[in-house]
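A.B. asks: Questions regarding the structure given below will be posed in turn.
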Amino acid sequence: MQHVQTIWLTGATSGIGEALVTKFIAEGKRVALTARNAQKLSEMISQFNAEGKLMYVAADVRNEDALRGAYELVREKWGVPDLVMANAGTHINMPASQISIEACRQLFEINLYGAVNTLLVALPDMLERGSGHLVGVGSLSSYRGLPWAAAYGATKAGLNNFLQSLRFDVEPYGLTVTAVNPGFVKTQLTDLNPFPMPLIISSERAAEYIWDGLSRKKMEIHFPPLFSWACKAMRVLPYPLYHMLIRRITGSGNRRG
């Protein structure tokens, strides 16, 4: 009997996560969904005609014990997942007048520690088995600093570095690590952005890019290509030139917040 790949996905109820569920099911995968809202998870599963291919376990990625409990339920039903994707994340625009310790802490706890919690809870079983795919969803904002994103960008940069470093450590055991770095994707979070978002794409298109990269076990999946390669090119600019360019593009040099 052919093995059916099992995926455990956090942040499954909206945006990229929700689009990924649709894509994974279409590709014949079994998907375990985790998010904080159990009712929304249940409603979401009822929308799919995928009996035996979907399950959900509610948990907050900031709570290590709850997340471990969720993972153990997934493992009990379907075994150790083939792929674990830490997708849960949030964003808070923070101009200078609105930066707070509380908001920064929230971003770090969800975007960075939540992702690390998710990946590490499955890591021991994958190491013992000698196979597995660990995926973290970051952002192109991880490449260099951007206005109004001091904490958000730091969490995504931290996640990127964590994934890059982890890759060295787990490859000898037969594991794959992938960093996903999207540009602007139309979601409830990006709808709140008070600035123009170049080359913004739909969640469904983002899911297509991600699925293609996961299928090829790429080290990094970044998109949309034109925008992401431009962001990569700007990483090599001398910082004063980069700073001047970003201020001009975003208009941040002319506004206070």
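For the sequence shown, my numbering begins at 10 and goes up steadily by one.
The beta carbon of each residue, even a glycine, is placed where N, CA and C say it ideally should be.
Just so you know, these numbers come straight off a predicted model, no measurement behind them.
Assign Ala28 to one of three DSSP states: helix, strand, or coil.
C.D. replies: The answer is helix: DSSP assigns Ala28 an H, G or I state.
A.B. asks: Here's a check: name, in chain order, each residue in its chain whose Cβ is nearer than 6 Å to the Cβ of Gly24, leaving out the five neighbours to either side.
C.D. replies: Once the five neighbours on either side are set aside, the close Cβ partners of Gly24 are Thr196 and Ser212.
A.B. asks: In angstroms with no decimal places, state the Cα-to-Cα distance between Lys62 and Lys38.
C.D. replies: If you take the alpha carbons of Lys62 and Lys38, they lie about 7 Å apart.
A.B. asks: With H, G and I counted as helix, E and B as strand and the rest as coil, what does DSSP make of Tyr152?
C.D. replies: In the structure shown, Tyr152 sits in coil (DSSP, three-state: anything other than H, G, I, E or B).
A.B. asks: Report yes if the CB atom of Lys226 is closer than 8 Å to the CB atom of His142, and no otherwise.
C.D. replies: Closer than 8 Å, so yes.
A.B. asks: Classify Ala21 as buried or exposed, calling it buried when 16 or more other Cβ atoms lie within 10 Å of its own Cβ.
C.D. replies: Looking at its Cβ environment, which holds 16 or more other Cβ atoms inside 10 Å, Ala21 is buried.
A.B. asks: Between the segment 163-175 and the segment 214-222, are three or more C-beta pairs nearer than 8 Å?
C.D. replies: As far as the Cβ criterion goes, the segment 163-175 does not touch the segment 214-222, which means the pair count is below three.
A.B. asks: Do the CB positions of Thr43 and Ala67 come within less than 8 Å of each other?
C.D. replies: Contact: yes.
A.B. asks: By how many angstroms is the C-alpha of Asn96 removed from the C-alpha of Gly26?
C.D. replies: When rounded, the distance between both Cα atoms is 7 Å.
A.B. asks: Can you find the residues in the same chain that come closer than 8 Å, C-beta to C-beta, to Ala47, ignoring five residues on each side of it along the sequence?
C.D. replies: If we look at Ala47 and ignore the five residues flanking it on each side, its Cβ neighbours are Tyr65 and Ala67.
A.B. asks: Within 10 Å of its beta-carbon, does Ser150 have 16 or more other beta-carbons around it, so buried, or fewer, so exposed?
C.D. replies: So Ser150 ends up on the buried side.
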